[in-house]
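Student:
Numbering (this note's numbering), first residue to last: 164 to 541.
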């Protein structure tokens, strides 16, 4: 690797780190707001919030790293052009294809990072995230034990506790169940404990009473008790363990999937191939959009006013490539047998980059056109 290649690659990596951090913070804050709302509503702690947000980072990074790489390439190329460094290197005999070598190396580095994320880290984090969400859904303590507040863990259930002692004893408990159409139940107790049983968590109440109101007969029954046990399993809603999803399964396992795993994932072999292809294409796009951004700025030459037109062209080309990729992705979702179309947008991006580099390597054609336009009679 030549000295110029090392210099440009160093600049690209440095700006790539900056843009990645900036975009990650923006996306992380946006995702964290909704997550914080959900967790605080269920009475979870700040450590749980931090753990879940960290688990969501791989999913965020796999989508923003190619965009950060594109921004780094455009920024570095524009700066090298405005400071005449590209002009000096081109005068030394570097062709556009030779100038693209550090950009290609940089794109491969980004592509490898995206591949590791897409094929392994994102499925691992998604699986762990699913497990943590299931644990939170089954955490009856966090969902019910909020002092001095009426909580509604599921529709039709209201729970209130005035105070929770250091020993974990609940004082002045109220529980209302209005899920039945023809019956309303409510329980009041001076003390209560939450204990675990084979059938699930149980609310053990002391010194209280229960009220049952029959709506059809308009009859109220009151029963006083010294001790009463009420199952809280129904308050959790549907807490069955969710089956493994295709998003939480790494690509190596998907490619070696047995019929039993295909049945668990509820996916056909063609759908599995389409999923692995989508992950691979994310890594490929990390390479090709870097080349597109570099080639679009390379055709501008030197300008003291900057390459704003070429930057705009690079952004337009990026939008075209991503729009085509999304369109092909929708078609593949409807018909997984079309999975080869996943690479079509990336191939088009490569053709764009090569065409722009060829144009940058033949400036005489542009000069001839400009000269012919200037010599036209008026």
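Positions of the beta carbon are idealized from the N, C-alpha and C atoms, including for glycine.
Locate the alpha helix (DSSP H) running through residue 444, then write down its first and last residues.
Tutor: Counted from its first residue, the chain shown places residue 444 at position 281. 432 to 461 is the span of the alpha helix (DSSP H), which, as asked, contains residue 444.
Student: What did DSSP end up calling residue 338 once you bin it into helix, strand or coil?
Tutor: On the chain shown, position 175 is the one that residue 338 refers to. In the structure shown, residue 338 sits in a strand (DSSP, three-state: E or B).
Student: Would you report the Cα separation of residue 437 and residue 381, rounded to the nearest angstrom?
Tutor: Taking the first residue of the chain shown as 1, we reach residue 437 at position 274. Taking the first residue of the chain shown as 1, we reach residue 381 at position 218. Roughly 60 angstroms between the two C-alpha positions.
Student: Within the chosen definition, does the stretch 311 to 320 reach the stretch 426 to 446 through at least 3 CB pairs nearer than 8 angstroms?
Tutor: Verdict: no, contact absent.
Student: Let me check understanding here. Comparing Cα to Cα, which of 175, 362, 430 lies closest to residue 499?
Tutor: Residue numbering aside, residue 499 sits at position 336 when the chain shown is read from its first letter. The shortest C-alpha separation from residue 499 is found at 430.
Student: Looking only at its chain, what residues have a beta carbon closer than 8 angstroms to the beta carbon of residue 507, apart from the 5 residues adjacent to it on each side?
Tutor: Counting from 1 along the chain shown, the entry for residue 507 is found at position 344. Cβ neighbours of residue 507 beyond the five flanking positions: 487, 491.
Student: Going by CA-CA distance only, name the one from 186, 225, 259, 182 that's closest to residue 522.
Tutor: Residue 522 sits at position 359 when you count from the first residue of the chain shown. Looking at the Cα atoms, 259 is the closest of the given residues.
Student: When we look at the beta-carbon of residue 442 and count the other beta-carbons within 10 Å, is it buried (16 or more) or exposed?
Tutor: For the purposes of this step, residue 442 is taken as residue 279 along the chain shown, with counting starting at 1. It is buried - the Cβ of residue 442 has at least 16 other Cβ atoms within 10 Å.
Student: For the alpha helix (DSSP H) holding residue 414, just list the boundary residues, first then last.
Tutor: Against the chain shown, residue 414 aligns to sequence position 251. From DSSP, the alpha helix (DSSP H) with residue 414 extends over 414 to 418.
Student: Tell me which residue opens and which closes the alpha helix (DSSP H) that residue 497 is part of.
Tutor: As a first step, residue 497 is located in the chain shown; it is residue number 334 there, counting from the start. Run containing residue 497: 471 to 497, per the alpha helix (DSSP H) assignment.
Student: Check whether the Cβ atoms of residue 171 and residue 237 sit closer than 8 angstroms, and answer yes or no.
Tutor: What you label residue 171 is simply residue 8 of the chain shown in a count that begins at 1. What you label residue 237 is simply residue 74 of the chain shown in a count that begins at 1. Contact flag unset, no.
Student: Does DSSP put residue 324 in a helix, a strand or coil?
Tutor: For this step, residue 324 is matched to residue 161 along the chain shown. If DSSP states are grouped into helix, strand and coil, residue 324 belongs with the strands.
Student: For residue 449 and residue 232, which I take to be in contact (beta-carbon distance under 8 angstroms), what is that distance rounded to the nearest angstrom?
Tutor: Counting from one through the chain shown, the residue named residue 449 turns up at place 286. Counting from one through the chain shown, the residue named residue 232 turns up at place 69. At roughly 6 angstroms, the Cβ-Cβ gap stays under 8 angstroms, so residue 449 and residue 232 are in contact.
Student: For residue 278, collect the residues of the same chain with a Cβ closer than 6 angstroms to its Cβ; drop the 5 residues on either side in sequence, then sort them by chain order.
Tutor: As a working note, residue 278 is residue 115 in the chain shown. Cβ within range, chain order: 446.
Student: Taking DSSP as the reference, what is the three-state secondary structure of residue 233?
Tutor: By 1-based counting over the chain shown, the position of residue 233 is 70. Helix, per DSSP.
Student: On a Cα-Cα basis, can you pick out the residue from 330, 242, 289, 337 that is closest to residue 323?
Tutor: Here residue 323 refers to the residue found at position 160 when the chain shown is read from its first residue. Ranking 330, 242, 289, 337 by Cα distance to residue 323 puts 337 first.
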